[in-house]
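J.: Residue numbers (this note's numbering): 4 to 142. Built from N, CA and C at the ideal position, the CB exists for glycine as well. Quick one: the structure is below, questions incoming.
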């Protein structure tokens, strides 16, 4: 398995678990199940059930502030996607298409600006840097 496949699996697993708690959940679920239906039809129904169970676990973990469970669920789905990609490498293009459809598109009102900060301090000097809002209260 190459690094590109590993990265695709990481991205897909992370995206799937992230979308489970949001409004795009149904679309994400449909896309993932259709992927399995197309490439491993005997597993598609089970994958749908596993997605639902994962979503329930995720929502409970978020309610209780359990970040470890969320990380475990993400790793679990990354591994499942990786195994699918290893077994059926032709899945990669379809998976990329599904991820592109699910990825939130930035609105025109949002702009992305790269900020690079560099500072040098000597003696007892202080530096305060921020890429955006910063509030400092010194006494």
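Per DSSP, what kind of secondary structure is residue 134 in: helix, strand or coil?
T.: Residue state, collapsed to three classes: coil.
J.: Which residue from 23, 138 and 132 puts its Cα closest to that of residue 77?
T.: It is 23.
J.: Judging by CA-CA distance, which residue of 72, 130 and 120 is the nearest neighbour of residue 59?
T.: Nearest of 72, 130 and 120 to residue 59, Cα basis: 72.
J.: Can you give me the C-alpha to C-alpha distance between residue 111 and residue 126, rounded to a whole angstrom?
T.: For residue 111, the pLDDT reaches just 45, beneath the cut-off of 50, and the residue's location in the model is therefore unreliable, although a value from the coordinates is still provided. Their backbone Cα atoms lie some 45 Å apart in a straight line.
J.: So for residue 5, helix, strand or coil by DSSP?
T.: If DSSP states are grouped into helix, strand and coil, residue 5 belongs with coil.
J.: Does DSSP put residue 124 in a helix, a strand or coil?
T.: If DSSP states are grouped into helix, strand and coil, residue 124 belongs with coil.
J.: Examine the ligand SAH and report whether any of its heavy atoms sits within less than 7 Å of the Cβ of residue 85.
T.: Summarising the ligand content, the structure contains no ligands, and the ligand SAH is consequently not present.
J.: Using a Cβ-Cβ cutoff of less than 8 Å, which residues in the same chain neighbour residue 42 once the five nearest sequence positions on both sides are dropped?
T.: Only 87, 91, 93, 94 and 97 meet the Cβ criterion.
J.: How do the stretch 28-48 and the stretch 61-68 stand: do at least 3 beta-carbon pairs fall below 8 Å, yes or no?
T.: Because the criterion of three Cβ pairs below 8 Å is not met, the stretch 28-48 and the stretch 61-68 do not touch.
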